[in-house]
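Report on the structure given below.
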Ligand code: SF4
């Protein structure tokens, strides 16, 4: 096996998964890494399949590849097809490529269709100890299972399709420990926003982050998915949590998980995927989970975080000139003034969904808040489940009724207004409480204004028409 | 992929930190199934006004910088999504080199696959280069990949670091996939070993 493998020294979770996937290593440390799982969606794959076609290459391991449409699909009834001709073409191209290259594919009418990062775990395609890639930066999500999962560009998508490998250099190890018990009303989303606020959007650059500590361990599998999802907003390509009983419980019996003896052998191996005592981390960050409040972003970078009880900060407090200007620019774009109380900020739109917060627990958290209430008269709110199966489950629990009774739009699954590539978008100047992961300029629509929050916070904002502290809800 | 050896050009100063890939190329330009023709989407929301006319304040619309092949930009360039449309759009516009104090990992990686050289410099060096860039035609920069240097107009010379393997591929315009396919034997050996060691995968 590889030269970098060193069983004598204590190793991190990342070290262990890395070592088990190195096929060969050059003198300068550049490695050829085996990729166990490849997820494919319609936006970043057409040029990769085209590349294969032009070079006369095949997909090396079609059974390790799973394709699904998510970014472009409308979230209204799509049985009649997709109106936008460019979106329709991308969707059709993926269908054709999947057929031509023998890759399993969930189309827009398949019950299993949904956001690629919701679908992977749901199907048991995502397993602990595996390497998982996708032409999408939020592939970091899958690290919640103790997998090494990260986004890649389209050239690398082609590389993985053709060879089932990637050429990579090892990243550095970083550990973020969140100690203590999270207070009532504070969720995984608040944890990860707080972490990004602490380390900044380039804080994890060049690192793989392991999330640890009592607050992380006590999160549900879905909560861990939320945390790992936004690792990329903290600058790290991959984030991970060591697998445990909760993970095995979640996976057992899912369509693509091992059965019988293979399951037992897998669990034995997964149990070994823990960071050894004394393993070295290049960087360590510790947060106190017990002191975290619900968080709202005030600017146009995910690091622009503030407690719901706080006020919009004053950029003039920043010493660095370029950073100060960036924050003024952000305030100008978002249309807020320093010193404004967050709970005085009024909103026009609410979006609950995305690969960050589009799973069943997120739907339940939102439903608990809105049950028996009506959406504020100014606000238009929509909920987009992360997959067909999430939608089905929510409907079986009667959540759709609760949302509809409150005046919230209940939609078909997909990425939707997380990046507004389909018809769901903000109008210029509209202000949105969103459970997605990016508040960049124009992300949810040209000149749209995004505030990132948890599902419960978004739901409460929908009712109140402004941000409120969910810890005080009712 | 085109080789990258040496480049002398006007450099455009883009004094914004955290330039994300949504800013480099907004999503409405991602609905393509091609790699080419993406320059019309490059920095679209900064370059164009709502009515489609050019925003004359934006650096790449100023006469001195319309043909810039080098960008000198604020910290954390290319953060956000993994879209390779970002380097494709830069390349299609004619940009072959981006200089910043740091880059987001996926964007950095994507550059090398497309013959674009991303260079990391220190904050002091960035200041110096921005100073040159602001002078437009009066202060062209020369980037030499073989020597790993950036030469500024007044004779200053900056040495930069780059991974040797990436340098080699860029200098020779090598295609990664072709290189890896030569190792198919090793890959299948690994796969065979895996069927006994981790059969559930
Ligand atoms: S939900 Fe948003 S972040 Fe997630 S994959 Fe879709 S577009 Fe990307």
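Residue numbers (our numbering), protein chains in the order written: chain A, 1 to 474; chain B, 1001 to 1201.
The beta-carbon is built from N, C-alpha and C at its ideal position, and this holds for glycine as well.
Nothing here was measured: the structure is a model prediction, and the numbers come from that model.
Less than 7 Å separating the Cβ of residue i from some heavy atom of ligand 1?
i: residue 419 (chain A); result: yes
i: residue 115 (chain A); result: yes
i: residue 1018 (chain B); result: no
i: residue 439 (chain A); result: no
i: residue 138 (chain A); result: yes
i: residue 355 (chain A); result: yes
i: residue 142 (chain A); result: no
i: residue 70 (chain A); result: yes
i: residue 436 (chain A); result: yes
i: residue 432 (chain A); result: no
i: residue 415 (chain A); result: yes
Can you give the Cα-Cα distance for residue i and residue j, rounded to whole angstroms?
i: residue 1139 (chain B); j: residue 1101 (chain B); result: 20 Å
i: residue 83 (chain A); j: residue 419 (chain A); result: 18 Å
i: residue 197 (chain A); j: residue 238 (chain A); result: 18 Å
i: residue 37 (chain A); j: residue 147 (chain A); result: 10 Å
i: residue 1072 (chain B); j: residue 1012 (chain B); result: 6 Å
i: residue 1060 (chain B); j: residue 1027 (chain B); result: 20 Å
i: residue 465 (chain A); j: residue 343 (chain A); result: 10 Å
i: residue 123 (chain A); j: residue 255 (chain A); result: 5 Å
i: residue 467 (chain A); j: residue 1085 (chain B); result: 36 Å
i: residue 1126 (chain B); j: residue 421 (chain A); result: 35 Å
i: residue 1043 (chain B); j: residue 459 (chain A); result: 34 Å
i: residue 125 (chain A); j: residue 112 (chain A); result: 12 Å
i: residue 292 (chain A); j: residue 182 (chain A); result: 7 Å
i: residue 451 (chain A); j: residue 145 (chain A); result: 28 Å
Starting from residue i, follow its DSSP beta bridges and name the residues at the other end.
i: residue 174 (chain A); result: A:209 and A:283
i: residue 410 (chain A); result: A:383
i: residue 183 (chain A); result: DSSP output for residue 183 (chain A) lists no bridge partner at all.
i: residue 1157 (chain B); result: B:1151
i: residue 269 (chain A); result: Beta-bridge pairing links residue 269 (chain A) to no other residue.
i: residue 24 (chain A); result: A:32
i: residue 1033 (chain B); result: In DSSP, residue 1033 (chain B) forms no bridge with anything.
i: residue 1020 (chain B); result: B:1079
i: residue 341 (chain A); result: A:311
Do residue i and residue j have their CB atoms nearer than 8 Å?
i: residue 155 (chain A); j: residue 1113 (chain B); result: yes
i: residue 1208 (chain B); j: residue 169 (chain A); result: Chain B is shown only over 1001 to 1201; residue 1208 (chain B) falls outside these bounds and no answer can be derived.
i: residue 380 (chain A); j: residue 405 (chain A); result: no
i: residue 312 (chain A); j: residue 75 (chain A); result: no
i: residue 1082 (chain B); j: residue 137 (chain A); result: yes
i: residue 367 (chain A); j: residue 389 (chain A); result: no
i: residue 387 (chain A); j: residue 195 (chain A); result: no
i: residue 480 (chain A); j: residue 216 (chain A); result: This structure cannot settle anything about residue 480 (chain A), because the visible part of chain A is limited to 1 through 474.
i: residue 1098 (chain B); j: residue 1160 (chain B); result: no
i: residue 1178 (chain B); j: residue 1001 (chain B); result: no
i: residue 324 (chain A); j: residue 316 (chain A); result: yes
i: residue 276 (chain A); j: residue 10 (chain A); result: yes
i: residue 298 (chain A); j: residue 247 (chain A); result: no
i: residue 1067 (chain B); j: residue 32 (chain A); result: no
i: residue 375 (chain A); j: residue 462 (chain A); result: yes
i: residue 201 (chain A); j: residue 303 (chain A); result: yes
i: residue 235 (chain A); j: residue 1110 (chain B); result: no
i: residue 1038 (chain B); j: residue 1048 (chain B); result: no
i: residue 1187 (chain B); j: residue 165 (chain A); result: yes
i: residue 40 (chain A); j: residue 66 (chain A); result: yes
Output, in chain order, the set of chain A residues within a Cβ distance shorter than 7 Å of residue i.
i: residue 1026 (chain B); result: 442
i: residue 1186 (chain B); result: 23 and 24
i: residue 1100 (chain B); result: By Cβ distance, chain A contributes nothing, its closest Cβ being about 10 Å from residue 1100 (chain B), past 7 Å.
i: residue 1104 (chain B); result: 205 and 235
i: residue 1161 (chain B); result: Within 7 Å Cβ-Cβ: nothing; residue 1161 (chain B) doesn't reach chain A, min ~13 Å.
i: residue 1198 (chain B); result: 269
i: residue 1120 (chain B); result: Simply none; closest approach about 10 Å.
i: residue 1190 (chain B); result: 23 and 34
i: residue 1035 (chain B); result: 47
Quick one: which chain B residues come within Cβ less than 7 Å of residue i?
i: residue 323 (chain A); result: 1017
i: residue 136 (chain A); result: 1082
i: residue 274 (chain A); result: Near residue 274 (chain A) there are no residues of chain B at all, since even the closest Cβ is about 17 Å away, more than 7 Å.
i: residue 86 (chain A); result: 1031
In chain A, which residues lie less than 9 Å from residue i when you measure between Cβ atoms?
i: residue 1039 (chain B); result: Those within 9 Å of residue 1039 (chain B) in chain A number zero; the least Cβ separation is about 16 Å.
i: residue 1201 (chain B); result: 36, 37, 64, 127, 129, 130, 258 and 266
Since residue i meets chain B, which of its residues come closer than 9 Å, beta carbon to beta carbon?
i: residue 218 (chain A); result: The premise fails here: residue 218 (chain A) is roughly 28 Å from chain B at the closest Cβ pair, so nothing lies under 9 Å.
Inset, instruction - Report the residues of the region 117-129 of chain A with a CB closer than 8 Å to any CB of chain D, ordered along the chain. - result: In the displayed structure, chain D is absent; the protein chains listed are A and B.
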